[in-house]
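Chemist: Dumping the structure here so I can ask a few things about it.
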Amino acid sequence: MRPGKTFRKHRGDSDSDSDEDPEEVRLKLEETKEVQSLRRRPKGVSAVALLVGEKVQEETTLVDDPFNINTGGMVDMKKIKERNKDRINEEEDLNLGTSFSAETNRRDEDADMMKYIETELKKRKGIMENEELKVKLKNAEDCLYELPESIRVSSAKKTEEMLSNQMLSGIPEVDLGIDAKIKNIISTEDAKARLLAEQQNKKKDSETSFVPTNMAVNYVQHNRFYHEELNAPVRRHKEEPKTRPLRVGDTEKPEPETLQKDLDSKLFGQHLAKKVILNAVSGFISNPKTKKPLTLSLHGWTGTGKNFVSKIIAEHIYEGGLNSDYVHLFVATLHFPHAGNITQYKDQLQLWIRGNVSACARSIFIFDEMDKMHAGLIDAIKPFLDYYDLIDGVSYQKAIFIFLSNAGAERITDIALDFWRSGKQREEIKLKDVEQALSVSVFNNKNSGFWHSSLIDRNLIDYFVPFLPLEYKHLKMCIRVEMKSRGYEVDEEIVTRVAEEMTFFPKEERVFSDKGCKTVYTKLDYYYDD
Ligand SMILES: Nc1ncnc2c1ncn2[C@@H]1O[C@H](COP(=O)(O)OP(=O)(O)OP(=O)(O)O)[C@@H](O)[C@H]1O
Numbered sequence: 001m002r003p004g005k006t007f008r009k010h011r012g013d014s015d016s017d018s019d020e021d022p023e024e025v026r027l028k029l030e031e032t033k034e035v036q037s038l039r040r041r042p043k044g045v046s047a048v049a050l051l052v053g054e055k056v057q058e059e060t061t062l063v064d065d066p067f068n069i070n071t072g073g074m075v076d077m078k079k080i081k082e083r084n085k086d087r088i089n090e091e092e093d094l095n096l097g098t099s100f101s102a103e104t105n106r107r108d109e110d111a112d113m114m115k116y117i118e119t120e121l122k123k124r125k126g127i128m129e130n131e132e133l134k135v136k137l138k139n140a141e142d143c144l145y146e147l148p149e150s151i152r153v154s155s156a157k158k159t160e161e162m163l164s165n166q167m168l169s170g171i172p173e174v175d176l177g178i179d180a181k182i183k184n185i186i187s188t189e190d191a192k193a194r195l196l197a198e199q200q201n202k203k204k205d206s207e208t209s210f211v212p213t214n215m216a217v218n219y220v221q222h223n224r225f226y227h228e229e230l231n232a233p234v235r236r237h238k239e240e241p242k243t244r245p246l247r248v249g250d251t252e253k254p255e256p257e258t259l260q261k262d263l264d265s266k267l268f269g270q271h272l273a274k275k276v277i278l279n280a281v282s283g284f285i286s287n288p289k290t291k292k293p294l295t296l297s298l299h300g301w302t303g304t305g306k307n308f309v310s311k312i313i314a315e316h317i318y319e320g321g322l323n324s325d326y327v328h329l330f331v332a333t334l335h336f337p338h339a340g341n342i343t344q345y346k347d348q349l350q351l352w353i354r355g356n357v358s359a360c361a362r363s364i365f366i367f368d369e370m371d372k373m374h375a376g377l378i379d380a381i382k383p384f385l386d387y388y389d390l391i392d393g394v395s396y397q398k399a400i401f402i403f404l405s406n407a408g409a410e411r412i413t414d415i416a417l418d419f420w421r422s423g424k425q426r427e428e429i430k431l432k433d434v435e436q437a438l439s440v441s442v443f444n445n446k447n448s449g450f451w452h453s454s455l456i457d458r459n460l461i462d463y464f465v466p467f468l469p470l471e472y473k474h475l476k477m478c479i480r481v482e483m484k485s486r487g488y489e490v491d492e493e494i495v496t497r498v499a500e501e502m503t504f505f506p507k508e509e510r511v512f513s514d515k516g517c518k519t520v521y522t523k524l525d526y527y528y529d530d
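Position one of the sequence shown corresponds to residue 1 (the UniProt record's numbering), numbered consecutively onward.
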């Protein structure tokens, strides 16, 4: 080797290598390895491993570093997706946990029961609570006040039923026994009856002269299943029956003479109506074996006395007349105003008729404004007018039905005018002159409910009663009666003046009053301003 040129020499190649002890070398080697291992950058401790206390798998670390930010390398998307799925489930589980509380199937009573069982068990085992011991330790005086178990009344006794009731109402119900319950029911019913009676009386107080007392507005049906007098509301003006009121089975009938007398003295210018009504009503009342109810159909111009005659008939049969419990007045436009409610009206009307005829076979039903009544309603009455012995156990053969209408009034007026023009007395008009024309005109009047129903068709009307239009002299008669009824001397001058104030038709002849006797009374007020 040339001198001056320096070469790095391998130590091992040095001569001294041979001198080194192998043991020494090994030690050095180990020492070096240790130094290396100490120098190695530690991987760090996994937080999960620390938490769990054991070595965790690689997957767990994914939780903290899913995208290998710390470690580097390929991202395993599949694992990330699955991990996300798990997370969603976890979240759902958590949400459910907060939303619902688990059903324990434990009842409130169970708590009491458990407490009871525990104390009983303790007693059996001889374990006494300190507090209990304290309570138990009583002196001799306390013992004197103790009640024997047999006569002790426990107010704290709870049954399951009581607890449930308490939970619902908050007020514990004490069972007082069946007697107390019945007593309660009776007094409730009494109170109810009193309340109803008060309401009825109030209604009567607020009546007006426009609405007759017996209007069927409320459809109060007489109860035939118990004695009415027991629960009946106290009537302010209790109806005094006539000395011998006409009721089914009575041997005494109202005398036809009294009806004739009334008609003769009160009804003017209606010789036809007078005759028909007298015969029809008297004949019907005196017949013990009627086959069907009496049906009268009163027709004529306004204010000619149709309502007036109905009143006379009612008064002839019942003391209270129109106010009697057995006389029922219906006004089509007042009681059945809405065509849309026909089905309801029908049911109510049928129930009303049935209920009242059950209570009194000789009931009187007056239907005013028949020409304005819905045909459906007339049809609803029809079965009661027919020749049936019984309908649902009720006989209608003693009842009286009176129908009032203006239908056919023009026809009647034409006939009366013909007689007047031919110089004949109106009293010469015979029933047959009018009856046929009347029934045909009523039947053909397309505005009339009669026309739509089959009342006439089936011959269910016994008598068509024509009311002739009233003349000047009839008005004077009405005025005189009214003056007398007001307690005045008849002053002919006033009578003439009031009658002359009325309007008449036809235009040329001016024979008949266009309002009948209806408005003479208000005109009279002008002269007697008291
Ligand atoms: N013919 C008559 N005789 C005596 N008084 C009568 C007569 N017509 C009417 N009156 C008197 O006129 C009043 C009104 O008559 P009513 O109510 O009977 O007429 P109506 O024919 O029923 O009329 P509407 O068709 O308008 O109902 C009666 O209360 C009565 O006092």
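By construction, the Cβ of each residue, glycine as well, lies at the ideal position given by its N, Cα and C atoms.
A quick note: this is a predicted structure, and the numbers were derived from the prediction, not measured.
Mapping DSSP to helix, strand and coil, what is residue 531?
Modeler: Nothing in the structure corresponds to residue 531, since the chain is present only between 1 and 530.
Chemist: Measure from the alpha carbon of residue 531 to the alpha carbon of each residue in Pro256, Pro288 and Trp301, then state which is nearest.
Modeler: Only positions 1 to 530 of the chain appear in this structure, which leaves residue 531 out of reach.
Chemist: Assuming Phe419 is part of the alpha helix (DSSP H), what are its boundary residues?
Modeler: As a position in the sequence shown, residue 419 is number 419, starting the count at 1. Element bounds for Phe419: Ala409 to Arg421.
Chemist: What are the start and end residues of the alpha helix (DSSP H) that includes Phe308?
Modeler: What you label residue 308 is simply residue 308 of the sequence shown in a count that begins at 1. Phe308 -> alpha helix (DSSP H) spans Lys306 to Ile317.
Chemist: By DSSP's criteria, Val295 is part of a beta bridge. Which residues make up the other side?
Modeler: Indexing the sequence shown from 1 puts residue 295 at position 295. Note on identity: in this sequence residue 295 is Thr, with Val being the wrong assignment. According to DSSP, which records beta bridges pairwise, Thr295 is partnered with Phe401.
Chemist: Run through the stretch 335-388 for me and flag every whole alpha helix (DSSP H) of 4 or more residues, listed as ranges in chain order.
Modeler: 342-359 and 375-385
Chemist: What three-state label does DSSP hand Val331 in the structure shown?
Modeler: Start at 1 with the first residue of the sequence shown, and residue 331 comes out as number 331. Note: Val331 maps to strand in three-state DSSP.
Chemist: Which one of Leu385, Lys123 and Tyr345 has the shortest CA to CA distance from Asn459?
Modeler: Within the sequence shown, residue 459 is the residue found at index 459, counting from 1. Comparing Cα-Cα distances from Asn459 to each of Leu385, Lys123 and Tyr345, the minimum goes to Leu385.
Chemist: Since I believe Ala332 is in contact with Leu322 (beta carbons under 8 angstroms), could you give me their beta-carbon distance rounded to a whole number of angstroms?
Modeler: Start at 1 with the first residue of the sequence shown, and residue 322 comes out as number 322. Start at 1 with the first residue of the sequence shown, and residue 332 comes out as number 332. Contact flag wrong, Cβ pair sits at about 17 angstroms.
Chemist: Can you determine whether any heavy atom of ligand 1 sits closer than 6 angstroms to the C-beta of Asn287, and answer yes or no?
Modeler: By one-based count along the sequence shown, residue 287 stands at place 287. The answer is no for Asn287.
Chemist: So, under 8 angstroms CB-CB, Tyr396 and Lys291 are touching, yes? Tell me the CB distance rounded to an integer number of Å.
Modeler: Here the question's residue 396 lines up with position 396 in the sequence shown. Here the question's residue 291 lines up with position 291 in the sequence shown. No, Tyr396 and Lys291 are not in contact; Cβ-Cβ is about 11 angstroms, not under 8 angstroms.
Chemist: Would a C-beta distance cut-off of 7 angstroms place Ile494 and Tyr527 closer than the cut-off?
Modeler: Against the sequence shown, residue 494 aligns to sequence position 494. Against the sequence shown, residue 527 aligns to sequence position 527. Closer than 7 angstroms, so yes.
Chemist: Have a look at Gly355 and Asp392 and give me their C-alpha separation to the nearest angstrom.
Modeler: For this step, residue 355 is matched to residue 355 along the sequence shown. For this step, residue 392 is matched to residue 392 along the sequence shown. Distance between the alpha carbons of Gly355 and Asp392: 11 angstroms.
Chemist: Do His299 and Ile439 count as a contact pair if the criterion is CB distance below 7 angstroms?
Modeler: The count along the sequence shown starts at 1 and reaches residue 439 at position 439. The count along the sequence shown starts at 1 and reaches residue 299 at position 299. A quick correction: the sequence has Ser, not Ile, at residue 439. Result no, Cβ atoms of Ser439 and His299 do not sit closer than 7 angstroms.
Chemist: Does the distance from the CB of Gln270 to the CB of Phe419 come in under 7 angstroms?
Modeler: Within the sequence shown, residue 270 is the residue found at index 270, counting from 1. Within the sequence shown, residue 419 is the residue found at index 419, counting from 1. No.
Chemist: Within the UniProt domain "Torsin-1A C-terminal" (470-527), note down every full alpha helix (DSSP H) run reaching 4 residues or more, in order along the chain.
Modeler: 472-485, 492-501 and 520-527
Chemist: Could you tell me the alpha carbon to alpha carbon distance between Pro256 and Asn287, rounded to whole angstroms?
Modeler: Sequence index remark: in the sequence shown, residue 256 carries index 256 (1-based). Sequence index remark: in the sequence shown, residue 287 carries index 287 (1-based). Each residue's alpha carbon lies about 13 angstroms from the other.
Chemist: In three-state DSSP terms, what is Tyr116?
Modeler: The residue labelled residue 116 in the question sits at position 116 within the sequence shown. Tyr116 falls in the helix class under three-state DSSP.
Chemist: Helix, strand or coil for Ile285 per DSSP?
Modeler: Here the question's residue 285 lines up with position 285 in the sequence shown. Ile285: helix per DSSP, three-state reduction.
Chemist: With DSSP as the reference, label Gly126 as helix, strand or coil.
Modeler: The sequence position of residue 126 within the sequence shown is 126, counting from 1. Of the three classes helix, strand and coil, the one that applies to Gly126 here is coil, per DSSP.
Chemist: Would you mind stating whether Ser441 and Arg421 have Cβ atoms separated by less than 7 angstroms?
Modeler: Along the sequence shown, one-based indexing puts residue 441 at 441. Along the sequence shown, one-based indexing puts residue 421 at 421. In this structure, Arg421 does not lie closer than 7 angstroms to Ser441 by Cβ.
Chemist: Run through the DSSP bridge pairs and tell me what Gly300 is partnered with.
Modeler: Numbered from 1 along the sequence shown, position 300 holds the residue referred to as residue 300. DSSP, once it has assigned bridges, lists Phe467 as partnering Gly300.
Chemist: Less than 6 angstroms between the CB of Gln397 and some heavy atom of ligand 1, yes or no?
Modeler: Walking along the sequence shown from the start, residue 397 turns up at place 397. No - ligand 1 has no heavy atom lying nearer than 6 angstroms to the Cβ of Gln397.
Chemist: Within 10 angstroms of the Cβ of Lys424, are there 16 or more other Cβ atoms? Answer buried if so, exposed if not.
Modeler: In the sequence shown, the residue the question calls residue 424 occupies position 424. Around the beta-carbon of Lys424, fewer than 16 other beta-carbon atoms lie within 10 Å, marking it exposed.
Chemist: Using a threshold of 6 angstroms, is the CB atom of Thr304 nearer than that to any non-hydrogen atom of ligand 1?
Modeler: Here the question's residue 304 lines up with position 304 in the sequence shown. Thr304: yes, Cβ under 6 angstroms from ligand 1.
Chemist: Could you spell out the range, first to last residue, of the alpha helix (DSSP H) harbouring Asp392?
Modeler: To locate residue 392, count along the sequence shown from 1; it is residue 392. Counting along the chain, Asp392 falls outside any alpha helix (DSSP H), and DSSP gives it neither H nor E.
Chemist: At a cut of 8 angstroms, does the stretch 261-281 reach the stretch 356-367 through at least three beta carbon pairs?
Modeler: At 8 angstroms Cβ cutoff, the stretches do not touch.
Chemist: With Asp142 as the anchor, note down where its alpha helix (DSSP H) starts and where it stops.
Modeler: Walking along the sequence shown from the start, residue 142 turns up at place 142. First-last of the alpha helix (DSSP H) with Asp142: Ala140 to Leu144.
Chemist: Counting C-beta neighbours from all protein chains within 10 Å, is the total for Val52 16 or more, i.e. buried, or is it exposed?
Modeler: For the purposes of this step, residue 52 is taken as the residue at position 52 of the sequence shown. By the 10 Å Cβ count, Val52 comes out exposed.
Chemist: According to the neighbour-count rule (16 or more other Cβ atoms, all chains shown, within 10 Å of its Cβ), is Thr522 buried or exposed?
Modeler: By 1-based counting over the sequence shown, the position of residue 522 is 522. Label assigned to Thr522: exposed.
Chemist: Take Lys518 as the anchor and find which of Met373, Glu492, Ile479 and Gly487 has the nearest alpha-carbon.
Modeler: Mapped onto the sequence shown, residue 518 falls at position 518. Checked all of Met373, Glu492, Ile479 and Gly487; the closest Cα to Lys518 is Ile479.
Chemist: Using the beta-carbon count (16 or more within 10 Å), is Pro254 buried or exposed?
Modeler: Taking the first residue of the sequence shown as 1, we reach residue 254 at position 254. Buried: at least 16 other Cβ atoms inside 10 Å.
Chemist: Is Lys515 near ligand 1 - that is, is its Cβ less than 6 angstroms away from at least one heavy atom of it?
Modeler: For the purposes of this step, residue 515 is taken as the residue at position 515 of the sequence shown. No.
Chemist: Beta carbon of Leu349, beta carbon of Ala399: below 7 angstroms?
Modeler: As a working mapping, residue 349 is identified with position 349 in the sequence shown. As a working mapping, residue 399 is identified with position 399 in the sequence shown. In this structure, Leu349 sits away from Ala399, with a CB-CB distance that is not shorter than 7 angstroms.
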